[in-house]
Amino acid sequence: MGEGGALNAVLASESLPASAAPTFAPVAEPRPQVSVLLLCFRDADYIRAAIESAFAQTVPCQIIVSNDCSDDATFDIAVEMVAAYRGPHRVSVRRTERNLGVSAHFNDAMTLAHGDIIVMMAGDDIAYPERVATIVRAFDQAPDAMVLGSDFDGIGTRGEPIKVSFRVRPERYELDYYVRIGRLIGLLGATMAFRRCVYDRFGPLLGPIEDNALSLRGALLGQSLCLRQPLIQYRRHPGSVSGTVFARDEPRAVATRRRYERTVQFYRGTADDLESCLRQMPELPEPKRRLARQVLAMYRIEADAREAIIAQPRWRWLGPVMRGLAQRGLRRKSAERALKLLLPRSWFGLR
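For the sequence shown, the residue numbers in the UniProt record's numbering are 1 to 351.
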């Protein structure tokens, strides 16, 4: 199929109303090795800088700007920029018929991605020009690597440098890392890239958040990388996904409870995705399957523990606490949680 035929196929597959159909810029040959998914929602103040940074990539890419049906000017700005684009990338812009949420929006946009490597971008971040080239080189040098992230430079609303706390991942690691450190956080989604088999092998993501699920899928299939080179400017602001998802900018009276409630949803969704992947991998070597089951148990236990703390009488805390004490990776955290049985909920931010 020629390039024009491929574009027609994409248009036919959208099934969107005319007002929401993708807008395409002039195309480039040959078919790009990399697809950039630039996912945006209510990013009108930042989307120009994000798209410009995607256009500035030094490796020709397929760039999909996908708006999750936001109620601001984000989509209109993106349409204008794509229509005016002249350059080496194959660029399109589209929006969903209705707001889908983070993971479902990602699944929706993935149906249009054709690259062997998928690079994630957010509508409020800025990629450095060498980002895609560095990612391609890293994957070429590490054939067993399935997913990678990178360091980043934090910026605020106006682009000013800020410090953003995020636990540094090892440069290379596998499933045992999650069990060893006892933390259920994957690569930072804004910095992620992955081989498309990480998605195609298992199908659409389950759960509400994409980064943990993709991180664990990559670890199931091979190694994970975290490049020490900052490849993006990661923006923190009140309307950012991380700010709203984790209630970082809400009053303390409600933030802790909402953060617990949302974390329960994320952990359960990630556990469901990992469990589904394991069912689809009967060939997985038993040592790796045991590690994956331990990670799965950690997600389930932590979800149950948080739900018990916010919604159950104290005697119901004992089950998750005891399971955590028996689970490698959760023993210290579960011991700390056991001490909370003796304290008023208000001492750790709950009513």
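Heads up, the beta-carbon is just placed ideally off N, CA and C, and yes, glycines get one too.
Check, Outcome
"Start-to-end residues for the beta strand (DSSP E) that takes in Y299", "Counting along the chain, Y299 falls outside any beta strand (DSSP E), though it belongs to the alpha helix (DSSP H) covering E286 to A311."
"Straight-line gap, E307 to C69 (C-alpha atoms, nearest Å)", "31 Å"
"Under 8 Å between C-beta atoms of M146 and V198", "yes"
"Neighbour flag for Q280 against chain B, beta carbons, 8 Å", "Absent from the structure is chain B; it holds one protein chain and no more."
"Where D153 sits in the DSSP three-state scheme", "strand"
"Residue interval of the alpha helix (DSSP H) (run including C197)", "C197 to D200"
"Under the three-state DSSP convention, the category R94 falls into", "strand"
"Between the CA atoms of M322 and I135 - distance to the nearest angstrom", "42 Å"
"CB of V119 within 8 Å of CB of A193, strictly", "yes"
"Residue range of the unbroken alpha helix (DSSP H) whose run includes L318", "L318 to L325"
"Candidates L221, R183 and E210, of which the one nearest Q280 by Cα", "L221"
"Q229 in three-state terms, based on DSSP", "strand"
"Counted within 10 angstroms of its Cβ, other Cβ atoms place P285 as buried (16 or more) or exposed", "exposed"
"Close-in-space but distant-in-sequence residues of the same chain around R169 (CB under 6 Å, 5 per side omitted)", "C226"
"Check whether G115 and S35 have beta carbons under 8 Å apart", "yes"
"Residue interval of the alpha helix (DSSP H) (run including Q141)", "R131 to Q141"
"Local Cβ density within 10 Å of Q229, reported as buried at 16 or more and exposed below that", "exposed"
"Local conformation of F55 per DSSP, three classes", "helix"
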